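If you're matching positions, the sequence shown starts at 89 in our numbering and goes up one per residue.
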Amino acid sequence: MSIASFKKSARRFGAGSLLAFAVAAAYAQAPVQRPAPMPAPAPTMSAEQWRQAAVADVEAAYLITLDDHPGTVDPANPDFARNLEKAREGGQALASRVRDGAGYAAALQHFNALLGDGRAGVVLKDMPPAPPRWPGFITAWRGDNMFVAATTPGGPAVGARIADCDGKPIAQLVETNVFGFGQRSGGTGPWWTFAPDVFIDQGNPFITLPVQCIFIDEGRESRLTLSWRAMDEAAQRLRDDSFNGVTQPIGVSTPRYGLHWFALPTFQPNDTERAAYGAMLAEVQANRQRYLDANAVVIDLRGNQGGDAVWGLNLARALWGEARVNRRLKVAQARQAVLWRASFANIAHTSFEAADLSEQQRRQLGYDPAVVAQGMLAAQSRDEKFYPDPARRDPVSDSDRAENLPGDPAPFTKPVYVVVPGQCTGACLEALDVFSLFPNTKLIGAPSAADSSYTDIRLEPLKSGLASVVVPSKVVVNRPRSAATFYTPAIVVNDLEWSQRAFLKAIEADLVRR
């Protein structure tokens, strides 16, 4: 399954696809993609066939995860194994009631929700079970409330706050109908991204759609009975814009004299986007003094859902200086280490990977899979659950801790504002890790998502051909940012329209206060 199909599925299936965001981001970094192609789902399946597929796939996902996922034996994460048992029980409870494709999807998404790890669970094939519906308006989550972001004639007013639906507080309805059927990492970032899906009907048979809601506009309360109808492409674009705004293409622009805006909307670039990154980095390297003399620099991550961390790292090196960035990373990651999960399937996968790689790919990978496979096999023979990665880090020296050293480029100290979207995870978070190493960086936007410490992901196709199981091979330990940690911006932008103009207004106000 391609990364593009993950992204398409993520937009279509809403909160259930936060997992797809994380998996696509992690999976995009793998040099070898080995999962077997999945057959297309049968165009017509009986209710009993859908039920059997759901029951079998929940059980298979449970067993594969139990056997091969590092979380099941991770002493630092005892909740993982307990959550896996809950996911099996809850997933099977719904699977036994499945009658169609929408029910199948919901049962497996409920499995993911109960498992509760962004790099575990099941990824559905891109097979929308039913055309989505909406009530004629799009919402946005800002702060602790939900507001109308766009509407059709006769609908609620833009900016109106939604208090409750059918006597339930809107947050309670989101918890039940949205996050009960999809991954939610730590923090409130996923609320910004996925809470509005409470007003998108995906055909889930296990929830009750809201019927009547209370809206509060400028202190006036009104009650509206919802009229659900088919959702067209224009409505879907409005939904996407409600949490990202209209994003900029990769590159650097100058909205006003002295303020430079870098757009990094993806770390999963295609060939054209790779060329755009190359041009952007070449421009910074050739004209670095321009940014040293700037009033401010903005790094815009709206739209970014991870991928390959090198793109953010390269920009940081170009702005702050490569040696300076490398030293700070070395100090920050001094205790970080990698443990490989020594299971039969993981050993087989790593051995196959070793056979497929060229020498150049091994160098790019940074480790030799053949050595890792042998190490995992030896660990398994000793009945050990993990094989410690043999790579050793050089000890941190006094010079590594130095802010500046002879030979460094001139320090880059002008204000840097990093625009953070709520779905920022994976390599997007790694970019925040790097940018935040420098005191002239200030985060602006929404709280980020959090991510998992499990990585080196492969996808194991299920027998039905309708989904695959997420199987990381390793766990990163002693990472400076823990798995549950998310970023909270210093400047929260609660504007309903997440436009460049809105961010510039907030940035200009902050520059005046400095």
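Idealized CB from N, CA, C, for every residue including glycine.
Since the structure is predicted, the reported quantities are computational estimates derived from the model, not experimental observations.
Cβ pair residue i, residue j closer than 8 Å
| i | j | result |
| --- | --- | --- |
| residue 228 | residue 188 | no |
| residue 277 | residue 535 | yes |
| residue 466 | residue 155 | no |
| residue 190 | residue 284 | no |
| residue 248 | residue 267 | no |
| residue 380 | residue 500 | yes |
| residue 303 | residue 201 | no |
| residue 438 | residue 406 | no |
| residue 261 | residue 286 | yes |
| residue 559 | residue 529 | no |
| residue 513 | residue 393 | yes |
| residue 375 | residue 346 | no |
| residue 515 | residue 275 | no |
Backbone CA spacing between residue i and residue j [nearest angstrom]
| i | j | result |
| --- | --- | --- |
| residue 486 | residue 422 | 13 Å |
| residue 119 | residue 569 | Caution applies to residue 119, whose pLDDT of 33 falls short of 50 and renders its modelled position unreliable; the value that the coordinates give is listed next. Going from the Cα of residue 119 to the Cα of residue 569 covers about 25 Å. |
| residue 114 | residue 241 | Note that residue 114 scores a pLDDT of 48, beneath 50, so its modelled location is shaky; the value from the coordinates is reported in the next line. So the alpha carbons of these two residues sit roughly 42 Å apart. |
| residue 585 | residue 198 | 31 Å |
| residue 259 | residue 599 | 35 Å |
| residue 397 | residue 518 | 6 Å |
| residue 445 | residue 144 | 34 Å |
| residue 435 | residue 464 | 6 Å |
| residue 49 | residue 404 | Look at the range of the chain in this structure, 89 to 602, and you will see that residue 49 is not part of it. |
| residue 527 | residue 297 | 47 Å |
| residue 395 | residue 354 | 7 Å |
| residue 587 | residue 408 | 27 Å |
| residue 207 | residue 522 | 22 Å |
| residue 400 | residue 309 | 46 Å |
| residue 319 | residue 329 | 15 Å |
| residue 547 | residue 553 | 12 Å |
| residue 333 | residue 511 | 13 Å |
| residue 441 | residue 429 | 15 Å |
| residue 602 | residue 164 | 42 Å |
| residue 413 | residue 366 | 19 Å |
| residue 490 | residue 458 | 38 Å |
| residue 561 | residue 322 | 40 Å |
Sequence-distant residues of its chain with Cβ nearer than 7 Å to residue i (five each side left out)
| i | result |
| --- | --- |
| residue 388 | 336, 349, 350, 351, 352 and 507 |
| residue 590 | 581 and 583 |
| residue 603 | An answer regarding residue 603 cannot be provided, because it is not within the stretch 89 to 602 covered by the chain. |
| residue 564 | 424, 426, 541 and 543 |
Residues that residue i bridges to, as DSSP identifies them
| i | result |
| --- | --- |
| residue 184 | Residue 184 pairs with nothing; no bridge assigned. |
| residue 310 | 303 |
| residue 548 | 557 |
| residue 476 | 427 |
| residue 610 | Because the chain here runs from 89 to 602, residue 610 falls outside it and cannot be looked at. |
| residue 562 | 428 and 543 |
Residue i: first and last residue of the uninterrupted alpha helix (DSSP H) it sits in
| i | result |
| --- | --- |
| residue 365 | 359-374 |
| residue 587 | Unbroken run through residue 587: none, as it is neither H nor E. |
| residue 464 | 457-469 |
| residue 329 | 321-332 |
| residue 253 | Not the alpha helix (DSSP H): residue 253 falls in the beta strand (DSSP E), residues 249-253. |
| residue 192 | 189-203 |
| residue 444 | 432-444 |
| residue 280 | 277-282 |
Beta-carbon contacts of residue i that lie in its chain and below 6 Å, excluding the five residues immediately before and after
| i | result |
| --- | --- |
| residue 605 | The structure shown does not extend to residue 605, since the chain is modelled only from 89 to 602, so the question has no answer here. |
| residue 150 | 176 |
| residue 488 | 415, 418 and 419 |
| residue 142 | 183, 186, 192 and 195 |
| residue 431 | 155 and 156 |
| residue 45 | The question about residue 45 has no answer here: the residues shown for the chain are numbered 89 through 602. |
| residue 372 | 406 |
| residue 218 | 190 and 291 |
| residue 470 | none |
Cβ neighbours of residue i in the same chain (closer than 8 Å, five flanking residues each side left out)
| i | result |
| --- | --- |
| residue 300 | 253, 254, 311, 312, 313 and 314 |
| residue 674 | Given that the chain is displayed from residue 89 to residue 602, the structure contains no residue 674 and the question cannot be resolved. |
| residue 316 | 221, 222, 223, 289 and 297 |
| residue 496 | 409, 411 and 412 |
| residue 364 | 337, 338, 339 and 357 |
The beta strand (DSSP E) enclosing residue i, as first and last residue numbers
| i | result |
| --- | --- |
| residue 416 | Where residue 416 is concerned, there is no enclosing beta strand (DSSP E), although the alpha helix (DSSP H) it sits in stretches over 410-420. |
| residue 342 | 339-344 |
| residue 604 | Residue 604 is absent from the structure shown; the chain starts at 89 and stops at 602. |
| residue 529 | 529-533 |
| residue 384 | 384-388 |
Cutoff 8 Å: residue i Cβ touching any chain C Cβ
| i | result |
| --- | --- |
| residue 430 | Judged by its chain identifiers, the structure shown contains no chain C, having just a single protein chain. |
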